[in-house]
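Student:
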Amino acid sequence: MELTWFNIIEILGTIAFASSGTTRAIRKQYDLFGLFVLGFVTAIGGGTIRDIFIGNLPVEWLSDFTLISTITVTVILTYLFYRFMDKLRWWVFFFDAIGLGLFTILGIEKGLEFGLSPVIGLLLGVITACFGGVIRDILSSEKPLLLREEIYAFASISGGVLYILLNFITEMSHEVNAIFSVLLIVLVRTLSIRYKWSLKVPFKTQPPE
Amino acid sequence: MELTWFNIIEILGTIAFASSGTTRAIRKQYDLFGLFVLGFVTAIGGGTIRDIFIGNLPVEWLSDFTLISTITVTVILTYLFYRFMDKLRWWVFFFDAIGLGLFTILGIEKGLEFGLSPVIGLLLGVITACFGGVIRDILSSEKPLLLREEIYAFASISGGVLYILLNFITEMSHEVNAIFSVLLIVLVRTLSIRYKWSLKVPFKTQPPE
Amino acid sequence: MELTWFNIIEILGTIAFASSGTTRAIRKQYDLFGLFVLGFVTAIGGGTIRDIFIGNLPVEWLSDFTLISTITVTVILTYLFYRFMDKLRWWVFFFDAIGLGLFTILGIEKGLEFGLSPVIGLLLGVITACFGGVIRDILSSEKPLLLREEIYAFASISGGVLYILLNFITEMSHEVNAIFSVLLIVLVRTLSIRYKWSLKVPFKTQPPE
Chain A
1 MELTWFNIIE
11 ILGTIAFASS
21 GTTRAIRKQY
31 DLFGLFVLGF
41 VTAIGGGTIR
51 DIFIGNLPVE
61 WLSDFTLIST
71 ITVTVILTYL
81 FYRFMDKLRW
91 WVFFFDAIGL
101 GLFTILGIEK
111 GLEFGLSPVI
121 GLLLGVITAC
131 FGGVIRDILS
141 SEKPLLLREE
151 IYAFASISGG
161 VLYILLNFIT
171 EMSHEVNAIF
181 SVLLIVLVRT
191 LSIRYKWSLK
201 VPFKTQPPE
Chain B
1 MELTWFNIIE
11 ILGTIAFASS
21 GTTRAIRKQY
31 DLFGLFVLGF
41 VTAIGGGTIR
51 DIFIGNLPVE
61 WLSDFTLIST
71 ITVTVILTYL
81 FYRFMDKLRW
91 WVFFFDAIGL
101 GLFTILGIEK
111 GLEFGLSPVI
121 GLLLGVITAC
131 FGGVIRDILS
141 SEKPLLLREE
151 IYAFASISGG
161 VLYILLNFIT
171 EMSHEVNAIF
181 SVLLIVLVRT
191 LSIRYKWSLK
201 VPFKTQPPE
Chain C
1 MELTWFNIIE
11 ILGTIAFASS
21 GTTRAIRKQY
31 DLFGLFVLGF
41 VTAIGGGTIR
51 DIFIGNLPVE
61 WLSDFTLIST
71 ITVTVILTYL
81 FYRFMDKLRW
91 WVFFFDAIGL
101 GLFTILGIEK
111 GLEFGLSPVI
121 GLLLGVITAC
131 FGGVIRDILS
141 SEKPLLLREE
151 IYAFASISGG
161 VLYILLNFIT
171 EMSHEVNAIF
181 SVLLIVLVRT
191 LSIRYKWSLK
201 VPFKTQPPE
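Chains as they are written, first to last, in full-length UniProt numbering: chain A, 1 to 209; chain B, 1 to 209; chain C, 1 to 209.
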């Protein structure tokens, strides 16, 4: 997991996540400090929860200046170019999907590295990829989006399962498997938005209206 | 703490807690992923906070497949039989009270095992038993029930105090003391519902209406 | 950091934070247990998050009886004398500002002690000083005040930066530097309230009203 392109994509994903948090803070009319808090929390919240759960402390970003500088610059740029964010919407969505994919793989790898089983690894991958957004939603007093509407976690899970299966079944390197898995996650995200997929569960017990 | 019946009751308590989280998610119209998140968080949230506070990492459920499978099956069954949950209300309440009791004792035992004082042990017991529900409430955008209305924490505290006192005063085994303590917790919960006890604090300073 | 007056001020800060949490719980009509939870969480939440991030576990307050007793007594007294709290408003504000200052310094010192860089130390100082209030706001279903309105985090940051600079530049003892830094934080807080400073960010993109 030392390849340079891996790190580049991780940074792109971090940018997308930090930008999503900053955008939320702007919409909520939070102050400057609020912008930074939501930017940071969205980008590193999932990985932080994962690191705490597995006891990988101090949490990694405390000594990762690349990450901290990346998020800081992203928050500032997102604020300055907020008026153009709407035009960049597709790019933001695209990087966010890649970030979702890559953070899923990173979480799984971290779990396996700590000697945990693939199922737990998958769980940690989903936590890494999805729970920064949950904290963002809590801090901005929104019902967690993840739990309600979008095929967000499902995309993460599908790619995570593919990654674990490929590692087991094929002889391909983890890097190659990661590419396929991230591509699947981006694909599922794109299709789910395009065709309005939903995991909404039907309940026959609800009163007729 | 290795007795089989202990584990059985722990599983019953876990089922009750997971079911309560799933029910909440269904009522909030969360999607399938939301059902699992709230089921898991309610069942293991309290123990996770305790384990993090005392540095018992990786958190225990990461390697407890019985627990993870139990919660998974509970979420699915709660969803499938949601329409009957109302009829099962009494059983859900009963298992929840037992879960509250047992998680209190488990938390205290864990604290003592880590060389902490009985007072801190009691605190950890209450955290183990009650804070899964607090996280459930936060994730479903509800004011934490625990902090407002019910004699929930009080039941946990009363049983915890009894447990610690019995361990100090009597020669009885911890298992026997645990039985008495869990029974007290179930009793306090039942009476508090039956007679609508409340810890609501009166304030003379409130403006007359 | 072993001076007696340091500990005294830390206790005064803890009292102010615990009192602010209890007051919030009373206003939200939480029950007795809710008063204690919000009192504790506000006073120790920031330090707990810091300790978890840096892996300083078990968290310190678990073995700090002075702290636990202080908070317990504060919660009870705040409840009993709630009707006078309004007259004590200035004192509460003053101790809260001192608490903010001291917790910032304590967090920085803890970070340096764990071999982290000054920038990360500053971050940990701000987390120590400010995030107890964030958890208080989440638990009482309020939009986090910190992220919206007040020059709270900014005061903490300004004092933290001064403290780190003084340690680098001057030969003065950390204790003396801490005094100057806490004074700056109290000053910034006071001026920000007096002159209604704000870090609200302007957005040209907002629709005209």
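Just so you know, even glycine gets a beta-carbon here, dropped at the ideal spot from N, CA and C.
Between which two residues does the alpha helix (DSSP H) harbouring B:Asn56 extend?
Tutor: As a first step, residue 56 of chain B is located in the second sequence; it is residue number 56 there, counting from the start. That residue, B:Asn56, is in no alpha helix (DSSP H); it is neither H nor E in DSSP.
Student: Taking 8 Å as the threshold (beta carbon to beta carbon), is C:Ile44 in contact with chain B?
Tutor: Position 44 of the third sequence holds residue 44 of chain C. Chain B, which has no Cβ nearer than 8 Å to the Cβ of C:Ile44, makes this no.
Student: Rank B:Ser140, B:Lys87, B:Leu122 and B:Asp51 by C-alpha distance to the C-alpha of B:Ile164 and give the top, closest one.
Tutor: Position 164 of the second sequence, counting from 1, holds the residue named residue 164 of chain B. Measuring from the Cα of B:Ile164, the nearest candidate turns out to be B:Leu122.
Student: Please return the same chain residues whose Cβ sits closer than 7 Å to the Cβ of A:Leu162, not counting the five positions on each side in sequence.
Tutor: Residue 162 of chain A sits at position 162 when you count from the first residue of the first sequence. These residues qualify, in order along the chain: Phe180, Ser181 and Leu184.
Student: Hey, how far is the Cα of B:Ala153 from the Cα of B:Val126?
Tutor: As a working note, residue 153 of chain B is residue 153 in the second sequence. As a working note, residue 126 of chain B is residue 126 in the second sequence. Answer to the nearest angstrom: the Cα atoms are 7 Å apart.
Student: In the structure shown, what three-state DSSP assignment does B:Ser141 receive?
Tutor: The count along the second sequence starts at 1 and reaches residue 141 of chain B at position 141. In the structure shown, B:Ser141 sits in coil (DSSP, three-state: anything other than H, G, I, E or B).
Student: Can you tell me where the alpha helix (DSSP H) with A:Gly158 in it begins and where it stops?
Tutor: Numbered from 1 along the first sequence, position 158 holds the residue referred to as residue 158 of chain A. Checking the sequence, you will find Ser at residue 158 of chain A rather than Gly. Residues Ala153 to Ile169.
Student: Check A:Leu123 in the structure and name its three-state DSSP category.
Tutor: Position 123 of the first sequence, counted from the first residue, corresponds to residue 123 of chain A. In this structure, A:Leu123 counts as helix in the three-state DSSP scheme.
Student: Going along the chain, which residues of the region 49-61 of chain B sit with their C-beta nearer than 7 Å to a C-beta in chain A?
Tutor: Flagged, chain order: Ile52, Leu57, Pro58 and Val59.
Student: Within 10 angstroms of its Cβ, does A:Trp91 collect 16 or more other Cβ (buried), or is it exposed?
Tutor: In the first sequence, residue 91 of chain A corresponds to position 91, counting from 1. Flag for A:Trp91 reads exposed.
Student: Does any CB atom of chain B fall closer than 8 Å to the CB of A:Ile185?
Tutor: By 1-based counting over the first sequence, the position of residue 185 of chain A is 185. Not closer than 8 Å to any Cβ of chain B, the Cβ of A:Ile185 fails to qualify, so no.
Student: If you run the structure through DSSP and keep just helix, strand and coil, what is A:Ser63?
Tutor: For the purposes of this step, residue 63 of chain A is identified with residue 63 of the first sequence, where counting begins at 1. In this structure, A:Ser63 counts as helix in the three-state DSSP scheme.
Student: Can you check which of these residues, C:Leu124, C:Phe93 and C:Thr42, is closest to C:Thr72 by C-alpha distance?
Tutor: Reading the third sequence from its first residue, position 72 is the one you call residue 72 of chain C. Cα-wise, what sits closest to C:Thr72 is C:Thr42.
Student: Can you tell me which of the three DSSP states B:Gly101 falls into?
Tutor: Here residue 101 of chain B refers to the residue found at position 101 when the second sequence is read from its first residue. B:Gly101 falls in the helix class under three-state DSSP.
Student: Does the region 96-114 of chain A come within contact of the region 74-88 of chain A, defined as at least 3 CB pairs closer than 8 Å?
Tutor: The region 96-114 of chain A is not in contact with the region 74-88 of chain A.
Student: If you reduce the DSSP assignment to three classes, tell me which class A:Lys87 lands in.
Tutor: The residue given as residue 87 of chain A occupies position 87 in the first sequence. A:Lys87: coil per DSSP, three-state reduction.
Student: Which residues, in chain order, does the region 117-143 of chain C contribute to contact with chain A at a C-beta distance below 7 Å?
Tutor: So the close ones are Ile120, Ile138 and Lys143.
Student: Going by other Cβ atoms of all chains shown within 10 Å of its Cβ, with 16 needed for buried, is B:Glu109 buried or exposed?
Tutor: The count along the second sequence starts at 1 and reaches residue 109 of chain B at position 109. With 16 or more other Cβ atoms within 10 Å, it is buried.
Student: At what residues does the alpha helix (DSSP H) containing C:Phe114 begin and finish?
Tutor: Against the third sequence, residue 114 of chain C aligns to sequence position 114. Note, C:Phe114: premise wrong, no alpha helix (DSSP H); not H, not E.
Student: Here's the rule: buried if 16 or more other CB atoms are within 10 angstroms of the residue's CB, otherwise exposed. What is A:Thr205?
Tutor: Here residue 205 of chain A is taken as the residue at index 205 of the first sequence, counted from 1. Reliability fails at A:Thr205, whose pLDDT of 47 lies under 50, so the model's placement of it is uncertain and no value is given.
Student: Would you kindly report the start and end of the unbroken alpha helix (DSSP H) that includes A:Phe180?
Tutor: In the first sequence, counting from the first residue as 1, residue 180 of chain A sits at position 180. Counting along the chain, the alpha helix (DSSP H) containing A:Phe180 begins and ends at His174 to Arg194.
Student: Alpha carbon to alpha carbon, how far is A:Leu166 from A:Arg189?
Tutor: Position 166 of the first sequence, counted from the first residue, corresponds to residue 166 of chain A. Position 189 of the first sequence, counted from the first residue, corresponds to residue 189 of chain A. About 20 Å.
Student: Among the residues of its own chain, which have a CB less than 8 Å from the CB of C:Gly34, if the five just before and after it don't count?
Tutor: Sequence index remark: in the third sequence, residue 34 of chain C carries index 34 (1-based). Counting only Cβ-Cβ distances below 8 Å, and skipping sequence neighbours, we find Ala25 and Lys28.
Student: Would you mind telling me which residues of chain B sit closer than 7 Å to C:Phe17, beta carbon to beta carbon, in chain order?
Tutor: Indexing the third sequence from 1 puts residue 17 of chain C at position 17. Ordered by position in chain B, no residue passes the 7 Å Cβ test against C:Phe17, which lies about 18 Å from the chain.
Student: Write down the C-beta distance between B:Ala13 and B:Phe95 rounded to the nearest angstrom, noting that I regard them as a contact closer than 8 Å.
Tutor: Locating residue 13 of chain B in the second sequence gives position 13, where the first residue counts as 1. Locating residue 95 of chain B in the second sequence gives position 95, where the first residue counts as 1. Here the sequence assigns Gly to residue 13 of chain B, which means Ala is not the residue at that position. About 7 Å separates the two Cβ atoms, so the contact holds.
Student: Have a look at B:Phe36 and B:Ala16 and give me their C-alpha separation to the nearest angstrom.
Tutor: Against the second sequence, residue 36 of chain B aligns to sequence position 36. Against the second sequence, residue 16 of chain B aligns to sequence position 16. In a straight line, the C-alpha of B:Phe36 is about 14 Å away from that of B:Ala16.
Student: Give every residue of the same chain whose Cβ lies closer than 7 Å to the Cβ of A:Pro208, excluding the five residues on either side of it in the sequence, and list them in chain order.
Tutor: Reading the first sequence from its first residue, position 208 is the one you call residue 208 of chain A. Note that A:Pro208 scores a pLDDT of 38, beneath 50, so its modelled location is shaky and nothing firm can be said.
Student: According to the neighbour-count rule (16 or more other Cβ atoms, all chains shown, within 10 Å of its Cβ), is C:Leu80 buried or exposed?
Tutor: As a first step, residue 80 of chain C is located in the third sequence; it is residue number 80 there, counting from the start. Answer is exposed; the Cβ neighbour count stays below 16.
Student: Do you know how far the Cα of B:Ser140 is from the Cα of A:Gly133?
Tutor: On the first sequence, position 133 is the one that residue 133 of chain A refers to. On the second sequence, position 140 is the one that residue 140 of chain B refers to. Each residue's alpha carbon lies about 15 Å from the other.
Student: Return the chain-ordered list of same chain residues with a C-beta closer than 8 Å to the C-beta of A:Ser158, the five sequence neighbours on each side being excluded.
Tutor: Taking the first residue of the first sequence as position 1, residue 158 of chain A is located at position 158. Here the set comprises Leu184, Ile185 and Val188.
Student: Please work out which residues of its chain come closer than 6 Å, Cβ to Cβ, to C:Asn177, disregarding the five sequence neighbours upstream and downstream, and give them in chain order.
Tutor: Translated into positions along the third sequence, residue 177 of chain C becomes position 177. The answer, listed in chain order, is Tyr163, Leu166 and Asn167.
Student: Less than 8 Å between the beta carbons of C:Leu124 and C:Gly111, yes or no?
Tutor: Within the third sequence, numbered from 1, the residue matching residue 124 of chain C stands at position 124. Within the third sequence, numbered from 1, the residue matching residue 111 of chain C stands at position 111. Yes.
Student: Taking all protein chains shown into account, decide if C:Ser20 is buried (16 or more other Cβ within 10 angstroms of its Cβ) or exposed.
Tutor: Here residue 20 of chain C corresponds to residue number 20 of the third sequence, with the count starting at 1. Classification for C:Ser20: buried.
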